[in-house]
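Below: the structure, in structure tokens.
Protein chains: 2
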Amino acid sequence: MKLLEDKIRTEGVVKNGDILKVDSFLNHQMDAGLFRAMAREWKRRFDGLGVNKILTIEASGIGLACIAAEEFGCRAVFAKKSSGSNMDAEVYSTKITSFTKGKVFDVIVSKRFLGPEDRVLILDDFLANGCALEGLMDLVNQAGATLVGCGIAIEKGFQEGGARIRKKGVKLESLAVIVSMSGGEIVFREDGT
Amino acid sequence: MKLLEDKIRTEGVVKNGDILKVDSFLNHQMDAGLFRAMAREWKRRFDGLGVNKILTIEASGIGLACIAAEEFGCRAVFAKKSSGSNMDAEVYSTKITSFTKGKVFDVIVSKRFLGPEDRVLILDDFLANGCALEGLMDLVNQAGATLVGCGIAIEKGFQEGGARIRKKGVKLESLAVIVSMSGGEIVFREDGT
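As they're listed, the protein sequences go chains U and E.
Counting the first sequence from 1 gives a position; the numbering used here is that position plus 618.
Counting the second sequence from 1 gives a position; the numbering used here is that position plus 618.
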């Protein structure tokens, strides 16, 4: 998606070889107008597939999921990273390793908000090693819901997550796929647009 | 705001006397259509005041902030609860006590996304004791930005936060103010609409 690639080129900063900072528009400060364009693109790519629930994980996916939920005309749910004292006892639960934060999170979704009647589009801001996405797919599976597919803002195509998930037959649509960031120069996969 | 009050009446659940669960539409599952109506109401109440930045805190405020940012035509920023390895060293920082989670969080915003040129509307899902809001106000103050006001979805009017913050002269607009939940019956403040 050219709009997102242009944004990454102009505002993205490569750090320490393989960290891409896009916090001026994606995951600390948020450009809601860009999110709207991205949501419309996901709607185009997943149109007619009966999506009736968006699932993401806190925190960076929430803004994208919320705006996409308006486009799809359905509710969005975000998986939570830990169990607060007013959280349901009745939850689906999985474990997700965050390499950025260097720890393993328990991730939960209330059973009230995910069930066999749901046709789920999973959305997230980044895909690298694929741990977060596979954790969310596990929650969809536990709920007996149908996974329609996964939409990602930025995929690091030089890490293994995307290939592994596509190999399972999952419809995975990344709006920008980075194949290389060496020397700080960001190169996109041409068919990733 | 009648739409929100009706939603709280029909989907809200009172637990253990003073916990209100609204996770079917506000802070676990999210009703983006309702968020849009709420954002328009905040726009009406803060119209003409030059808001050019929305500030919230992860995670529950993010969806609201993102949709409100579209209404105000500005960017949204969410304060983060802990410092990941790819977070800026250059941040404003404050401490917020969460009674729900029973701990104190370090909360940060990158200095790149909040500064003297910003006229800030702080948004959050809940206001009870006011700790989160005062933490966010502290960040605005550290940045030398102008606080235009605060918009809250649900204020627990029987806790002290709202009164204390209004006493400081802050324009605080809560879309639903609950004055009592005793016996599980939710009563709203009439002038809170």
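Beta carbons: idealized from backbone N, C-alpha and C, even for Gly.
Short CB-CB distance (under 8 Å) between residue i and chain U
| i | result |
| --- | --- |
| C684(E) | yes |
| E676(E) | yes |
| R658(E) | no |
| V632(E) | no |
Inter-residue spacing [alpha-carbon to alpha-carbon] between residue i and residue j
| i | j | result |
| --- | --- | --- |
| K671(E) | K699(U) | 27 Å |
| N645(E) | T628(E) | 16 Å |
| S798(E) | L638(E) | 11 Å |
| E808(E) | M619(E) | 10 Å |
| K633(E) | G801(E) | 10 Å |
| F723(U) | F653(U) | 26 Å |
| K625(E) | V805(E) | 13 Å |
| G630(U) | D641(U) | 8 Å |
| L757(E) | Y710(E) | 6 Å |
| K661(U) | K785(E) | 46 Å |
| E803(U) | T764(E) | 37 Å |
| T811(E) | P734(E) | With a pLDDT of 44 at T811(E), under the threshold of 50, the modelled position of that residue is not reliable, and the figure given next carries that caveat. Distance between the alpha carbons of T811(E) and P734(E) is about 32 Å. |
| E708(E) | K729(E) | 6 Å |
| R782(E) | Q760(E) | 20 Å |
| T718(E) | E676(E) | 14 Å |
| E611(U) | R693(U) | The shown model of chain U, from 619 to 811, leaves out residue 611(U), and the question about it has no answer. |
| C611(U) | S716(U) | The question about residue 611(U) has no answer, for chain U in this structure spans 619 to 811. |
| L751(E) | E623(U) | 35 Å |
| A697(U) | E659(U) | 23 Å |
| G720(E) | L667(E) | 36 Å |
| M755(U) | M755(E) | 38 Å |
Neighbouring residues, chain E, relative to residue i (Cβ below 8 Å)
| i | result |
| --- | --- |
| E629(U) | The contacting residues do not exist; E629(U) stays about 11 Å from chain E at best. |
Contact list for residue i against chain E, beta-carbon separation under 9 Å
| i | result |
| --- | --- |
| E688(U) | A650, G651, F653, R654, I685 |
| F731(U) | D641, S642, H646, Q647 |
Neighbouring residues, chain U, relative to residue i (Cβ below 7 Å)
| i | result |
| --- | --- |
| S711(E) | Under the 7 Å cutoff, chain U gives no residues; its nearest Cβ is about 14 Å from S711(E). |
| G681(E) | I680, G681, C684 |
Proximity of residue i and residue j at Cβ, strictly below 8 Å
| i | j | result |
| --- | --- | --- |
| I714(U) | V727(U) | no |
| G780(E) | E791(E) | no |
| F664(U) | V766(U) | yes |
| A746(U) | A771(U) | no |
| L739(U) | V669(U) | yes |
| E688(U) | G691(E) | no |
| T712(E) | G753(E) | yes |
| L621(U) | A657(U) | no |
| I796(E) | G769(E) | no |
| D649(U) | F643(U) | yes |
| Q647(U) | F731(E) | yes |
| T674(U) | D736(U) | no |
is_contact[residue i, chain E] using C-beta, thresh 8 Å
| i | result |
| --- | --- |
| V695(U) | yes |
| Q647(U) | yes |
Under 8 Å by beta carbon: chain U residues contacting residue i
| i | result |
| --- | --- |
| K698(E) | H646, A677 |
Short CB-CB distance (under 8 Å) between residue i and chain A
| i | result |
| --- | --- |
| S728(U) | The structure shown contains no chain A; the protein chains it does contain are U and E. |
Residue i Cβ short of 7 Å to the ligand PLP heavy atom set
| i | result |
| --- | --- |
| G748(U) | The ligand PLP is not part of the structure shown, which contains no ligands of any sort. |
So does the segment 682-694 of chain E actually touch the segment 677-689 of chain U, counting three or more Cβ pairs closer than 8 Å? yes
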